[in-house]
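Under my numbering, residue 618 is the last one in the sequence shown; the count climbs by one each step, no gaps. For every residue, glycine included, the Cβ atom is placed at its ideal position computed from N, Cα and C. Reviewing the structure listed below.
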Amino acid sequence: AADHLASLEQDITVLIHNAGVYNTHKRFTGDGIEEVFQVNYLAPFIITYKLQDKLMGQHHARILYVNSEGHRFALAGLKLDDLRWDKQHYTGFKSYGSAKTAQLLSLFPFSRNFAGSNVTINAMHPGDVLTNMGENNGRLYKFFKHRVINPSSRSPLLSAQALYYLGVSEEVEGLTGKFFNFTTLEIPAPHALDEGVARQLWQVSLQMAGLLVDERA
Numbered sequence: 402a403a404d405h406l407a408s409l410e411q412d413i414t415v416l417i418h419n420a421g422v423y424n425t426h427k428r429f430t431g432d433g434i435e436e437v438f439q440v441n442y443l444a445p446f447i448i449t450y451k452l453q454d455k456l457m458g459q460h461h462a463r464i465l466y467v468n469s470e471g472h473r474f475a476l477a478g479l480k481l482d483d484l485r486w487d488k489q490h491y492t493g494f495k496s497y498g499s500a501k502t503a504q505l506l507s508l509f510p511f512s513r514n515f516a517g518s519n520v521t522i523n524a525m526h527p528g529d530v531l532t533n534m535g536e537n538n539g540r541l542y543k544f545f546k547h548r549v550i551n552p553s554s555r556s557p558l559l560s561a562q563a564l565y566y567l568g569v570s571e572e573v574e575g576l577t578g579k580f581f582n583f584t585t586l587e588i589p590a591p592h593a594l595d596e597g598v599a600r601q602l603w604q605v606s607l608q609m610a611g612l613l614v615d616e617r618a
């Protein structure tokens, strides 16, 4: 997908990473990578990485990660030496929080790479949105989701409008490496602001994606 997008002749003016998964039990992809980390973080990382040259060659581009206040669930931070959760006790909250933390940490190196260009990269929490994410889990979680989470969730249309604003509004022109709660600037949790971990994550991500030959940052 990333290679196809990179080969397109037309500009990509707004790139929104919205894929997400929430698992209550540990699952792995065919690559042997924990599924929540791969879908929520590594896949959009690869796409963004491979599109860097194309986007910087354009007049203008904005990249948006649909992130989450759930990054705060990763209270112990991102454990780069245990991304398969072999040592830590796995929970849905912690794995989801770790993946969203990784997203936020990746804003640092990407922002540096895009410096001097008209490409910006930001993340936003869309609010508690009514979606089908998590429907792949067991009956207990689905009962909790349908009875507790869904009744208080907002329409996806409201979040889509917030994404549209962040994608086109002149009011956020030039802002990069930022985290928005809906459309309001917010400071992420401290563990999502650790630039040392962000540098380590960059190298780990390139290795996991098989991209170390074309190393940047």
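Inter-residue distance for F474 and K495 is about 6 Å (C-alpha atoms, whole angstroms). In this structure, Y491 is the residue among L481, Y491, T585 with its C-alpha nearest to the C-alpha of H426. Taking C-beta separations shorter than 6 Å and ignoring five residues to either side along the sequence, the partners of F581 in its chain run M525, following chain order. DSSP places F511 inside the alpha helix (DSSP H), whose first and last residues are 493-515. By the criterion of at least three beta-carbon pairs nearer than 8 Å, the segment 468-484 is not in contact with the segment 562-579. Around the CB of T521, 16 or more other CB atoms lie within 10 Å, so the residue is classed as buried. Secondary structure of H526 (DSSP, three-state): strand. Taking the Cα positions, Y442 is about 16 Å away from W486. Within the same chain, L406, L452, K455, L456, Q459, A462 come within 8 Å of I413 by CB-CB distance, once the 5 residues on both sides are set aside. For R463, the enclosing beta strand (DSSP E) stretches over residues 462-467. For H418, the beta-bridge partners assigned by DSSP are Y466.
With respect to L465, L558 sits apart: the two C-beta atoms are not nearer than 8 Å. Looking only at N424, H418, T430, the smallest Cα-Cα distance to M609 is reached by T430. Taking a C-beta distance under 8 Å as the contact criterion, G478 and V598 qualify as a contact pair.
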